[in-house]
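Colleague: Following the working numbering, the numbering of the sequence shown begins with 295 at its first residue and continues without gaps. Positions of the beta carbon are idealized from the N, C-alpha and C atoms, including for glycine. Attaching a single structure in structure tokens format; questions to follow.
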Amino acid sequence: MKLRLLPVVLSVIISSAVLFGGWFAYTSLAMENPLSDIIGNAPGVESSTMKLDSTQVNIELKLKQDANLREIVRRIQTEGSSIIGKRSLHVEVTDKPSAKIEEWWSKALFEVAQAMETKHYADIPTTLQKYAADVPNMKVDSEMDESYVYIHMTDGESSKFVMLPRSSKIGVWPNE
């Protein structure tokens, strides 16, 4: 039995194109597009980019000034849970805060970091309000869920969003 080279090479090329084309179409149409729609339709999201791979989902968000970051992350986690699966979710907010907000945040950061390290999360809103009282027009909101502490700083037209990861979960036992 003698095999001809051209038909064998053509069938390998066509099979590879169908296999990888099908995989690419599935990833794009069944996973990335629906998750992008969930993110894009969340209230307060101005624009987003997403990278999905086998171990993690990286999302970069540009938010409107009145956005609620905790609610956006919760929405992505709940509505996108079937797409995200066991992948780890990494959300990064890209914003351009004013120099005034950056300077203010650098002053408050030490006490916030200390509260995070010692797990005294209730000290964070008090600390932020104490520092905000010194700056006119500064508004600071903080929220928390089982994974992050969310801080939103606003000074007139400029704002900054911060997500601080919590190292432990809410619960009585550390492995709960």
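Where N335 and S452 are concerned, what is the direct C-alpha to C-alpha distance, given to the nearest angstrom?
Modeller: 23 Å
Colleague: Using a Cβ-Cβ cut-off of 7 Å (strictly less than) and excluding sequence neighbours within five positions of F314, which residues of its own chain qualify?
Modeller: Answer for F314: no residue qualifies.
Colleague: Per DSSP, N352 forms a beta bridge with which residues?
Modeller: Per DSSP, K345, H384.
Colleague: Looking at I353: is its Cβ nearer than 8 Å to the Cβ of H384?
Modeller: yes
Colleague: Measuring straight from C-alpha to C-alpha, what distance separates V303 and V312?
Modeller: 14 Å
Colleague: Output the boundary residues of the beta strand (DSSP E) element that contains P459.
Modeller: 452-459
Colleague: With burial defined as no fewer than 16 other Cβ atoms inside 10 Å of the residue's Cβ, what is the status of I395: buried or exposed?
Modeller: buried
Colleague: Given this structure, state the Cα-to-Cα distance separating V306 from R381, to the nearest angstrom.
Modeller: 32 Å
Colleague: Using 10 angstroms around the beta-carbon of A409, count the other beta-carbons present and answer buried if the total reaches 16, otherwise exposed.
Modeller: Under this definition A409 is a buried residue.
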